[in-house]
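Right, one structure below, let's go through it.
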Amino acid sequence: MDNVTPLGGDVYEIDTRMAGYSGITAGYLILGDRPCLVETGTSTSAPVVRDALSSLGVGPDDLATVVVTHIHLDHAGGVGDIAAYYPSAEIVVHEKGARHLADPSRLMASAKMVWGDKLDVLFGALTPTDAARIRALGDTGTVDLGGGRALSSHYSPGHAKHHVGLLDSLTGDLYVGDAAGVYLPETGDLRPATPPPDFDLDVALDSIALFSALTPQRLLFSHYGPVGDVPSILERSAEELRVWVDLTRRAHAEGMEFDHAVAMVRDRTRERYAALRGDDATAERFELLSEAASNVAGIIHWLDRPAR
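Structure follows, in structure tokens:
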């Protein structure tokens, strides 16, 4: 299939074709003794992911585990559907997200408030998963891949309170979710992901430092794809966070209205990203990956917390 890319080490990248786009959200299949899917993509992507797994020889009773880095709908919106397709698979998530997979009503209500009419087009509806099939991870945990291979999970909040990074013991691949930002492989651009309500700069920087301390061989971004130059990418990830926070803090301190603050931050950061100087389709996709308004809103929410 043209949306499946082998990455070595029995790892396959799956373009989930979120909202019909290519290169927006990736899922990853680890095709070992106990096949494991990392990230499901959205609910509307679930049939795409199922067909990709089928093309790789993974049938309804073959998938052992589904693990998500966090429960945002572009990463875990398809969990309920995938769980129904693969009735033997265990669903693994951080403990702070587990209840929302079992009962998605609050998560979907919140998403509806944020996305409005775009919700159905971009994400679809997260359907419930039987709580008995969900395994909640603490700050660390292990996912057995069989044959002595495992994913170790590492709590990495800052982007979301229910976020984990996942390190493959065989390949050294680190599945970073959104904790290191979003990456556009065509241009090499890296941009932060700082949406409300959970963004916290200090915590996010601590998570990036944790990723560095794990000494991974490669980073596998959910948005989007593999990156081999680990130290420089993680350094850039921290730098991007600081740039966006400093600009947003300045706009907020000057009392700018939200729309003006977004415009200012977008303008001041434009030259950092080749994607925004290219064709319209690439720029549109980059903005969908890391929406400036959402980033600024998340930073302002953090700046306004009473504890600050």
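Under our numbering, the final residue of the sequence shown carries the number 990; numbering is consecutive throughout. Each residue gets a CB set at the ideal place from its N, CA and C atoms; glycine is no exception. From a predicted model like this one, the values you see are computed outputs, not experimental measurements.
Provide the residue span of the alpha helix (DSSP H) that contains residue i, from first to last.
i	result
T822	T822 -> not in any alpha helix (DSSP H); beta strand (DSSP E) instead, spanning T822 to G828.
H836	Looking at the DSSP string, H836 is not in any alpha helix (DSSP H); the run it does join, the beta strand (DSSP E), is R831 to Y837.
V750	Run containing V750: none; DSSP gives neither H nor E here.
P729	A728 to S737
D857	Note that residue 857 is Tyr in the sequence shown here, rather than Asp. Note, Y857: premise wrong, no alpha helix (DSSP H); beta strand (DSSP E) at D855 to G859.
Rounded to whole angstroms, what is the Cα-Cα separation between residue i and residue j?
i	j	result
L929	V947	6 Å
D733	Y703	17 Å
Y768	G854	27 Å
P839	F893	12 Å
G829	L852	10 Å
D821	V775	11 Å
E695	D684	11 Å
K800	A807	12 Å
Can you give me the Cβ contacts of residue i inside the same chain, cut-off strictly under 8 Å, excluding the 5 residues immediately before and after it?
i	result
W797	L804 and F805
H983	P878, P879 and F881
Apart from the five residues on each side of it in sequence, which residues of its chain come closer than 7 Å, Cβ to Cβ, to residue i?
i	result
V925	T951
L916	A862, I890, F893 and S894
E922	G863, L872, R873 and P874
G779	H752, I753 and H844
Provide the residue span of the beta strand (DSSP E) that contains residue i, from first to last.
i	result
A818	I816 to L819
G709	A708 to I712
G723	Note, G723: premise wrong, no beta strand (DSSP E); not H, not E.
Kindly identify the DSSP beta-bridge partner or partners of residue i.
i	result
G847	H836
I982	Answer by DSSP bridge pairing: none, since I982 is not bridged.
V686	I696
I773	V748 and I816
Is residue i close to the ligand MG? I mean its beta-carbon at under 6 Å from any heavy atom of the ligand.
i	result
I981	Ligands displayed in this structure: none; no statement on the ligand MG is therefore possible.
Residues in the same chain with beta-carbon distance under 6 Å from residue i, minus the five sequence neighbours each way, listed in chain order, please.
i	result
A979	P878
Quiz prompt | Complete beta strand (DSSP E) runs within the region 862–919 (minimum length 3 residues, chain order) | solution = You should have 864–866, 871–873, 900–903 and 907–909.
Quiz item: What are the complete alpha helix (DSSP H) segments, minimum 4 residues, inside the region 778–814?
Solution: Whole alpha helix (DSSP H) segments, 4+ residues: 787–797 and 800–804.
Practice problem: Run through the region 918–965 for me and flag every whole alpha helix (DSSP H) of 4 or more residues, listed as ranges in chain order. | Solution: Whole alpha helix (DSSP H) segments, 4+ residues: 940–951.
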